[in-house]
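J.: Residue numbers (my numbering), protein chains in the order written: chain A, 1 to 114; chain B, 1001 to 1113. Quick reminder that beta carbons are idealized off the backbone N, C-alpha and C, glycines included. Supplied in structure tokens, the structure appears directly below.
Listed below in structure tokens is the structure:
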């Protein structure tokens, strides 16, 4: 089976740093994505990790440990516009076909307060 | 910047009616997907499509659902006889390769009455 866990909600202060954790159990792992989703809108891509380690991209960084089934998204210098849901998604390798589907967690709703 | 587009943005239909949701993927992308998100729930995979055929489908994607690429630009999702529980936001996505990020369209909000 496949299972992805992340906290339901988090609150942080403008200018601070926040870390959103994600744990997963899945077969056919082919990488982990983080997406941002504002209410009523489409998910937008933030980061992708397929190898262990840290990927940094401006104010956003993402870490992956494949052996532990663990990832986190780190947001620095938080801004009010960062208030959104953050979705952890595992890319699941399709052995019989050409495409890899994304399996999403329930998302972490981040509220950034002044 | 290229983007995935979807029409309509909202669709209201009666139970039992057929609906077709339309998507125009990014032009140089070859891999296409449909996902849905019931209000307040997680994004769920429905189906993936490559080289003019379904690559993978979920258990949600039963005989009531079908996908088609009728021409070189459009990618459609058809629900033959809608049910109340089909009410959701439907997202189309496309990617350049299986391992690249999937770009999502703005979604079609489907309401079945």
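Please identify the residue among A/90, A/71, A/105, A/38 whose C-alpha is closest to the C-alpha of residue 30 of chain A.
T.: As a working note, residue 30 of chain A is residue 30 in the first chain. For residue 30 of chain A, the nearest C-alpha among the options comes from A/90.
J.: How is residue 1084 of chain B classed by DSSP in three states: helix, strand or coil?
T.: For the purposes of this step, residue 1084 of chain B is identified with residue 84 of the second chain, where counting begins at 1. Residue 1084 of chain B falls in the helix class under three-state DSSP.
J.: List the residues of chain A whose Cβ lies closer than 8 Å to the Cβ of residue 1103 of chain B, in chain order.
T.: As a working mapping, residue 1103 of chain B is identified with position 103 in the second chain. Under the 8 Å cutoff, chain A gives 45.
J.: Is residue 1042 of chain B helix, strand or coil when you go by DSSP?
T.: As a first step, residue 1042 of chain B must be located in the second chain, where it is residue number 42. Residue 1042 of chain B falls in the coil class under three-state DSSP.
J.: Confirm, please, whether the CB-CB distance from residue 1103 of chain B to residue 1097 of chain B is below 8 Å.
T.: Numbered from 1 along the second chain, position 97 holds the residue referred to as residue 1097 of chain B. Numbered from 1 along the second chain, position 103 holds the residue referred to as residue 1103 of chain B. Their beta carbons are not under 8 Å apart, which means residue 1097 of chain B does not touch residue 1103 of chain B by this criterion.
J.: Whose Cβ in chain B lies nearer than 8 Å to the Cβ of residue 20 of chain A?
T.: Numbered from its first residue, the first chain carries residue 20 of chain A at position 20. What residue 20 of chain A touches in chain B: nothing, since even the nearest Cβ is about 15 Å away.
J.: Residue 1100 of chain B and residue 1023 of chain B: beta carbons closer than 8 Å?
T.: Taking the first residue of the second chain as position 1, residue 1100 of chain B is located at position 100. Taking the first residue of the second chain as position 1, residue 1023 of chain B is located at position 23. Cβ distance not < 8 Å, so residue 1100 of chain B and residue 1023 of chain B don't count as in contact.
J.: Only counting the same chain, and skipping five residues up and downstream in sequence, which positions put a Cβ closer than 6 Å to that of residue 1109 of chain B?
T.: Position 109 of the second chain holds residue 1109 of chain B. 1010, 1089.
J.: Within the continuous beta strand (DSSP E) that includes residue 1029 of chain B, where are the two ends?
T.: Locating residue 1029 of chain B in the second chain gives position 29, counting from the first residue. Neither: residue 1029 of chain B is in no beta strand (DSSP E) and is coded neither H nor E.
J.: Does DSSP put residue 1089 of chain B in a helix, in a strand, or in coil?
T.: Along the second chain, read from residue 1 onward, the residue named residue 1089 of chain B stands at position 89. DSSP places residue 1089 of chain B in strand when its eight states are reduced to three.
J.: Let me know if residue 1056 of chain B comes out buried or exposed under the rule of 16 or more other beta-carbons within 10 Å of its beta-carbon.
T.: For the purposes of this step, residue 1056 of chain B is identified with residue 56 of the second chain, where counting begins at 1. Residue 1056 of chain B is buried by the Cβ-count criterion.
J.: Can you list, in chain order, the residues of its chain whose CB lies under 7 Å from that of residue 1008 of chain B, leaving out five sequence neighbours each side?
T.: Taking the second chain and counting its residues from 1, one reaches residue 1008 of chain B at position 8. The residues are 1108.
J.: At the 8 Å Cβ level, is residue 77 of chain A part of the contact set with chain B, yes or no?
T.: Here residue 77 of chain A refers to the residue found at position 77 when the first chain is read from its first residue. No, no contact with chain B.
J.: Residue 41 of chain A versus chain B: which residues are under 8 Å apart at the beta carbon?
T.: The count along the first chain starts at 1 and reaches residue 41 of chain A at position 41. In chain order: 1106, 1107.
J.: Counting only the same chain and skipping the five closest in sequence on each side, list residues whose C-beta sits under 6 Å from that of residue 19 of chain A.
T.: Translated into the one-based positions of the first chain, residue 19 of chain A becomes position 19. Same-chain partners within the cutoff: 72, 74.
J.: From which residue to which residue does the beta strand (DSSP E) around residue 10 of chain A run?
T.: Walking along the first chain from the start, residue 10 of chain A turns up at place 10. Start and end: 9 to 13.
J.: Which residues, taken in chain order from the stretch 79 to 105 of chain A, show a beta carbon closer than 8 Å to some beta carbon of chain B?
T.: Listed by position along the chain: 87, 89, 91, 94, 96, 97, 98, 99, 100, 101, 102, 103, 104, 105.
J.: Terminal residues of the continuous beta strand (DSSP E) containing residue 52 of chain A?
T.: The residue you call residue 52 of chain A lines up with position 52 of the first chain. Premise fails: residue 52 of chain A is in no beta strand (DSSP E) and is neither H nor E.
J.: Kindly give me the distance between the Cβ atoms of residue 43 of chain A and residue 21 of chain A, rounded to whole angstroms, as I take these residues to be in contact under 8 Å.
T.: Locating residue 43 of chain A in the first chain gives position 43, where the first residue counts as 1. Locating residue 21 of chain A in the first chain gives position 21, where the first residue counts as 1. Contact doesn't hold; Cβ gap of about 19 Å is too wide.
J.: Could you pull the start and end residues of the beta strand (DSSP E) that residue 1005 of chain B belongs to?
T.: For the purposes of this step, residue 1005 of chain B is identified with residue 5 of the second chain, where counting begins at 1. Run containing residue 1005 of chain B: 1005 to 1007, per the beta strand (DSSP E) assignment.
J.: Please go through the same chain and pick out, in chain order, the residues whose beta-carbon is closer than 8 Å to the beta-carbon of residue 1036 of chain B, but skip the five residues on each side of it.
T.: By one-based count along the second chain, residue 1036 of chain B stands at place 36. Only 1043, 1044, 1046, 1060, 1088, 1089, 1090, 1091 meet the Cβ criterion.
J.: Please determine if the stretch 77 to 88 of chain A and the stretch 98 to 108 of chain A are in contact, where contact requires at least 3 C-beta pairs separated by less than 8 Å.
T.: Judged by Cβ distances under 8 Å, the stretch 77 to 88 of chain A makes contact with the stretch 98 to 108 of chain A, as three or more pairs qualify.
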